[in-house]
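Engineer:
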Amino acid sequence: MTDRHEHISKMPPIDPDDPKLYWILRDADFKVWESANSSQVLWIFGGPSDCAMPAVSSLIAKQEDSRRNDAGFYFSCSIRSSNASTTFTHSFLRHILNDPNADQRKLITETFLSTLLLNIIQRNRSRFEGSDSSGITVKDILNKNSGGELLQALTEAVVEIKTISDKPIIIDGIDKIGPDGARFLKRFCSHTTAQPMPKVLVTSSMDPLMKEIVDGARIEYDKERQGLATSCSLVSLSN
Amino acid sequence: MKWLWKHEKYIAWLSTSHSDLLLIEGKPGSGKSTITKYFKDNLLKREPLAKEAIVASFFYSYREGEAQTNHSNMLRSILYDVLRQNETFFFHFQPLYRSMLPHGKWSYDCLKEILLSFKKHPAKERLYVIVDAMDESGEKDRDDVIQLLHQLCNEGKGCTCVVKIFVSTRPITELHRDSTEVENVIKMQDENTADIIMFADSFLGELELDHECYDRTKGYIVREAQGVFIWVYLIEKELREYHRTGFSNNEIYEFLQSLPTELDSFYDRILSKLEENAQRDIAVGVRIYELVLFAYRPLRISEIQQALAIPDDINANYLPSDSSFKDRIIGAIKRRIVHCGGNFLEMKGLCDSLKDFVTLFG
């Protein structure tokens with residue numbers, strides 16, 4: 000995953016009023032997501048070949064930033080990963096550490112590490128050498144522990160800090176991570192819907208595994224229209 | 000029918016950049032449906048602006064019953080055409096579509112609401128709505144549907160979608176109220192005269208009339224037709240048949256004057272004549288009409304010929320062998336169709352053979 004600053008600026012500008020984007024930007028589920036402040040997960044997938052999803056998700060990110068007058072979290076997936084939860088947590092923390100608000104940086108780092116301390120260190124005390132510096136210990140925790148534990152610590156930290164839990168999270172092209180992308184998303188969604196968490200928007204191409212395991216609101220390109228157009232409820236009687 | 004593309008009312012309707020309604024008005028049998036179908040079939044070829052447009056249509060038909068006279072069905076058809084042709088219109092449907100699930104029943108008001116929302120479609124689109132035989136629609140809510148079509152044409156703030164509505168109908172009061180007076184009206188009787196004169200010339204020449212009677216007969220036909228082409232077609236059949244038995248000019252003209260000038264009376268006359276046939280001929284006539292009216296597609300003359308060779312009575316003592324079937328085939332099938340079916344049936348095609356189709360005239 001790369002962060003927004005490395006990515007969004009490279010995106011070609013697109014027109015939000017382009018009819019090709021109506022299937023997303025004028026969709027009822029998107030409107031609900033757009034107007035929500037938290038705990039909404041929306042998965043958009045299967046766009047046509049001429050619909051540049053990275054550009055679309057960048058546009059949505061910019062619109063959200065503009066609406067809130069503050070930058071949200073934006074992640075663009077580009078390479079396969081067997082541990083998406085860990086990768087995401089690392090990227091997210093890097094986002095936080097780049098935040099100009101020092102108090103916020105400090106607060107979330109402390110909360111995140113405290114949670115890890117409770118959940119991991121106390122359970123596996125023997126793993127850590129008392130002589131190690133705190134820097135080595137933290138690095139060891141971040142690199143060696145399961146993505147699930149890191150993700151849980153991260154989400155708990157995010158919940159604690161209102162200024163972060165209000166920011167939307169946009170993850171573009173999650174299918175590029177590979178099969179673990181779907182598992183990560185399911186795990187992440189289970190955290191975000193259970194408590195006041197950032198609203199999340201995820202884009203991908205058509206991915207059968209994702210369809211199978213991801214719950215929640217989804218916009219699949221043209222599916223609902225096709226269903227309506229072919230259903231007997233709106234059949235043509237034209238001569 | 001090429002006159003349509005050059006008609007001043009048509010050009011005025013088409014060339015404006017705003018939404019507008021064109022009304023094609025005429026008596027039954029004056030060719031309204033024919034010109035409407037012609038317009039629909041040739042619109043994309045003839046009009047550059049229509050190439051990128053959405054074309055939605057509905058043909059009301061009293062004969063087809065509820066399915067083709069119901070206003071909700073008209074709206075459903077129009078909306079379906081739009082949705083099928085342009086996916087970007089889906090968001091107009093989505094909230095109402097979801098609200099009616101899982102029962103899936105579109106209410107009339109809901110369909111109207113969606114159609115009206117097209118006016119404010121954010122992208123600049125051009126939509127053609129073609130509605131034929133408005134007079135054959137259900138009377139309940141007809142006024143409301145006409146108001147709806149006018150509302151679609153009303154320019155308002157934020158209207159980017161241009162809706163061109165093409166309606167054909169016999170004169171109905173709902174379209175001639177002060178509030179809904181249509182500016183662009185084409186009256187079929189004003190346009191058909193040249194075609195009727197040409198058609199009248201095509202058969203009057205064969206009746207061996209003198210010059211004075213020819214003009215008098217032609218003048219009478221053109222005057223009484225009032226744009227109703229079907230009436231002239233029926234007159235042609237009657238005059239040809241009458242002429243075959245040999246009559247004077249005056250007698251032909253008097254016979255012409257004795258024929259009904261209204262279509263309904265003409266149809267009654269044809270039916271009365273058929274009733275004068277022998278019982279056997281009447282039974283064959285009924286059979287032919289059953290075949291023509293109930294067939295999914297137009298039947299060929301040869302198909303009717305073969306169908307008539309099969310006994311109507313399922314209890315009949317009939318051995319379905321090749322030889323018994325051949326024995327029952329009517330050789331002069333065309334004459335039989337004309338004799339038993341009368342002038343309601345039309346045999347048309349390109350090859351003037353048994354491959355021609357038999358259809359109900361008009």
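Same order as they appear, the protein sequences are chains A and B.
The opening residue of the first sequence carries number 0 in numbering that gives the first Met the number 0; numbering runs sequentially from there.
The opening residue of the second sequence carries number 0 in numbering that gives the first Met the number 0; numbering runs sequentially from there.
Every residue gets a Cβ at the ideal spot worked out from N, C-alpha and C, and that includes glycine.
These figures come from a predicted structure and were not determined experimentally.
(1) Per the contact definition of three or more C-beta pairs closer than 8 Å, is the region 227 to 239 of chain B in contact with the region 192 to 212 of chain B?
(2) Take the Cβ of Cys-231 (chain A) as the centre, count every other Cβ of all protein chains shown within 10 Å, and call the residue buried at 16 or more, exposed below.
(3) Could you give the DSSP three-state label for Lys-198 (chain A): helix, strand or coil?
(4) Examine chain B for any beta-carbon lying closer than 9 Å to the beta-carbon of Arg-224 (chain A), and answer yes or no.
(5) Against chain A, with Cβ distances strictly below 9 Å, would Pro-259 (chain B) count as a contact?
(6) Would you mind reading off the limits of the alpha helix (DSSP H) that contains Val-181 (chain B)?
(7) In the structure shown, what three-state DSSP assignment does Ala-181 (chain A) receive?
(8) Of the choices B:Lys-123, B:Gln-67, B:Lys-26 and B:Phe-58, whose alpha-carbon is the least far from that of Glu-51 (chain B)?
(9) Candidates A:Ala-181, A:Lys-175, A:Ile-212 and A:Leu-96: which alpha carbon is nearest Pro-53 (chain A)'s?
(10) Pull the bridge partners of Tyr-213 (chain B) from the DSSP assignment, please.
(11) Taking the alpha carbon of Lys-9 (chain A) as the reference point, which residue from A:Ser-56, A:Asp-49, A:Leu-24 and A:Ala-27 has its own alpha carbon closest?
(12) Taking buried to mean at least 16 other C-beta atoms within 10 Å of its own C-beta, is Leu-100 (chain B) buried or exposed?
(13) Is the region 38 to 48 of chain B touching the region 67 to 75 of chain B, taking contact as three or more C-beta pairs under 8 Å?
(14) Looking at the structure shown, is Trp-105 (chain B) part of a helix, part of a strand, or coil, going by DSSP?
(15) Residue range of the beta strand (DSSP E) that Ser-75 (chain A) falls in?
(16) Pop quiz: Ile-169 (chain A) and Ile-59 (chain A) are said to be a contact at Cβ under 8 Å. What is the actual Cβ separation, rounded to whole angstroms?
(17) Where Trp-32 (chain A) and Trp-12 (chain B) are concerned, what is the direct C-alpha to C-alpha distance, given to the nearest angstrom?
(18) Pull up the CB-CB distance for Trp-2 (chain B) and Glu-190 (chain B), whole angstroms please, since I reckon it's below 8 Å.
(19) Take Ala-83 (chain A) and list the residues in its own chain whose beta-carbon comes closer than 6 Å to its own, dropping the five residues that flank it on each side.
(20) With burial defined as no fewer than 16 other Cβ atoms inside 10 Å of the residue's Cβ, what is the status of Asn-85 (chain B): buried or exposed?
(21) Using a beta-carbon distance cut-off of less than 8 Å, what residues from the region 19 to 50 of chain A approach chain B?
(22) Could you tell me the alpha carbon to alpha carbon distance between Ser-235 (chain A) and Ser-60 (chain B), rounded to whole angstroms?
(23) Would you kindly work out how many angstroms separate the C-alpha atoms of Glu-154 (chain B) and Ile-78 (chain A), rounded to a whole number?
(24) In the region 264 to 316 of chain B, which residue ranges form an unbroken beta strand (DSSP E) of at least 3 residues, counting only runs that do not cross its ends?
(25) Which residues in the same chain have their Cβ closer than 7 Å to the Cβ of Asn-238 (chain A), if we skip the five residues on either side of it in sequence?
(26) Would you kindly check if the distance between the Cβ of Leu-149 (chain A) and the Cβ of Thr-88 (chain A) is under 9 Å?
(27) Would you check if the region 162 to 176 of chain B and the region 17 to 29 of chain B touch, i.e. whether three or more CB-CB distances between them fall below 8 Å?
(28) Give a yes or no on contact between the region 298 to 314 of chain B and the region 322 to 338 of chain B, applying the rule of three or more CB pairs nearer than 8 Å.
(29) Considering just the uninterrupted stretch of the alpha helix (DSSP H) at Ala-199 (chain B), what are its terminal residues?
(30) Rounded C-beta distance between Cys-339 (chain B) and Ile-287 (chain B)? I'm assuming under 8 Å.
(31) Please compile the residues from chain A whose C-beta is within a distance smaller than 7 Å of the C-beta of Thr-87 (chain B).
(32) With 9 Å as the threshold, decide whether the Cβ of Leu-208 (chain B) is near any Cβ in chain A.
(33) Using a beta-carbon distance cut-off of less than 7 Å, what residues from the region 194 to 225 of chain A approach chain B?
(34) Where DSSP assigns a beta bridge to Met-346 (chain B), which residues make up the other side?
(35) What's the gap between the Cα of Tyr-252 (chain B) and the Cα of Val-221 (chain B)?
(36) Applying the criterion that 16 or more other CB atoms from any shown protein chain within 10 Å of the CB defines a buried residue, is Pro-197 (chain A) buried or exposed?
Structural biologist: In short, the structure shows the following:
(1) yes
(2) Note on Cys-231 (chain A): pLDDT 46, under 50, position unreliable in the model; no value is reported.
(3) coil
(4) yes
(5) no
(6) No residue range can be given for Val-181 (chain B), since it is assigned to no alpha helix (DSSP H) and is classified by DSSP as neither H nor E.
(7) helix
(8) Comparing Cα-Cα distances from Glu-51 (chain B) to each of B:Lys-123, B:Gln-67, B:Lys-26 and B:Phe-58, the minimum goes to B:Lys-123.
(9) Distances from the CA of Pro-53 (chain A) to each of A:Ala-181, A:Lys-175, A:Ile-212 and A:Leu-96 were compared; the closest alpha carbon is that of A:Lys-175.
(10) In DSSP, Tyr-213 (chain B) forms no bridge with anything.
(11) A:Ser-56
(12) exposed
(13) no
(14) coil
(15) 72 to 75
(16) Distance from Ile-169 (chain A) to Ile-59 (chain A) at the Cβ level is roughly 6 Å; contact confirmed, criterion being Cβ atoms closer than 8 Å.
(17) When the Cα atoms are used, Trp-32 (chain A) and Trp-12 (chain B) turn out to be separated by approximately 43 Å.
(18) The C-beta distance from Trp-2 (chain B) to Glu-190 (chain B) rounds to 6 Å, short enough to fall under 8 Å.
(19) Ile-176, Asp-179, Gly-180 and Phe-183
(20) In summary, Asn-85 (chain B) is buried, with 16 or more beta-carbon neighbours lying within 10 Å of its beta-carbon over all protein chains present.
(21) Lys-19, Tyr-21, Trp-22, Arg-25, Asp-26 and Ala-27
(22) Residue placement at Ser-235 (chain A) is flagged as unreliable, the pLDDT there being 46, under the threshold of 50; a coordinate-derived value is accordingly withheld.
(23) 52 Å
(24) Runs of the beta strand (DSSP E) lying entirely within the region 264 to 316 of chain B, each at least 3 residues long, are absent.
(25) At Asn-238 (chain A), the pLDDT of 44 sits below 50, so the modelled position is not reliable; the number obtained from the coordinates is stated separately. Excluding residues within five positions, none has a Cβ falling inside 7 Å.
(26) yes
(27) Yes, the region 17 to 29 of chain B touches the region 162 to 176 of chain B.
(28) yes
(29) 187 to 203
(30) 6 Å
(31) Pro-18 and Tyr-21
(32) Not an interface residue.
(33) Residues of the region 194 to 225 of chain A that bring their beta carbon within less than 7 Å of a beta carbon in chain B comprise Asp-221, Glu-223 and Arg-224, in sequence order.
(34) B:Val-357
(35) Distance between the alpha carbons of Tyr-252 (chain B) and Val-221 (chain B) is about 14 Å.
(36) buried
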